[in-house]
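Novice: Numbered according to this note's numbering, the sequence shown spans residues 15 to 188.
Quick reminder that beta carbons are idealized off the backbone N, C-alpha and C, glycines included.
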Amino acid sequence: LLGIGERTGNCPLEAMAMEYAALRGTMDGMDFTAITEIADYFEREINYIVPPKTPFVGRAFNSTRAGIHADGLLKDEEIYNIFDTAKILNRPARVSVNKTSGLAGIAFWINDYYSLPDEYKVGKNDPLVVAMKERVDAEYEEGRNSSFGDDELVNLIYSIDSKRIRDLNAHSMR
């Protein structure tokens, strides 16, 4: 599972299950959300750190940093996501905020992080998004070279507009 044993020639079981479903055109009753649950269990119960690039369950799986892709995800996720990862794996598309994320990337991150329903989603021209983009750009101009973590972005929102963060939390579906 999760690539453990791969160096000894063992194919990850979850990869075999996904390949089986792709070849057969059916999941034959398999529930692939269990793959995500297994990864969560490994992290929570046995303190196994899932490598970020692990297929299907790593933090970087199904994540983009490019603003153009985030903009596409905002407009029509099906164009940028080969299958419905939220439905199949309980792993929705994600955006990692960095210097190339742009306004769309930041808006997508806010909507995703707070699980905002459609009527409360922020757009890329929202004043909060614009202010965050200015702060993100300033960090990179000062020499930053890593992506922003979720906690950093929450703190950034709080520093820009503490009332707005309460509103986001109030409308969150998490």
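(1) With DSSP run on the structure shown, which of helix, strand or coil describes R108?
(2) Nearest CA to the CA of Y62: which residue from P69, F70 and A53?
(3) Could you tell me whether the Cβ atoms of L15 and E33 are closer together than 8 angstroms?
(4) Assess contact between the region 136 to 150 and the region 94 to 105, defined as three or more Cβ pairs (one per stretch) separated by less than 8 angstroms. Is contact present?
(5) Between G200 and the rest of its own chain, which residues show a CB-CB distance below 8 angstroms, the 5 nearest in sequence each way excluded?
(6) Between which two residues does the alpha helix (DSSP H) holding V143 run?
(7) Helix, strand or coil for S173, going by three-state DSSP, please let me know.
(8) Strictly by DSSP, which residues pair up with S77?
Specialist: So, from the listed chains and residues:
(1) Looking at R108 - three-state DSSP - the assignment turns out to be strand.
(2) A53
(3) no
(4) With a cut-off of 8 angstroms, the region 94 to 105 and the region 136 to 150 do not count as touching, because too few Cβ pairs lie within range.
(5) Here the chain has residues from 15 to 188 only, and residue 200 is not among them.
(6) P141 to E155
(7) helix
(8) R108
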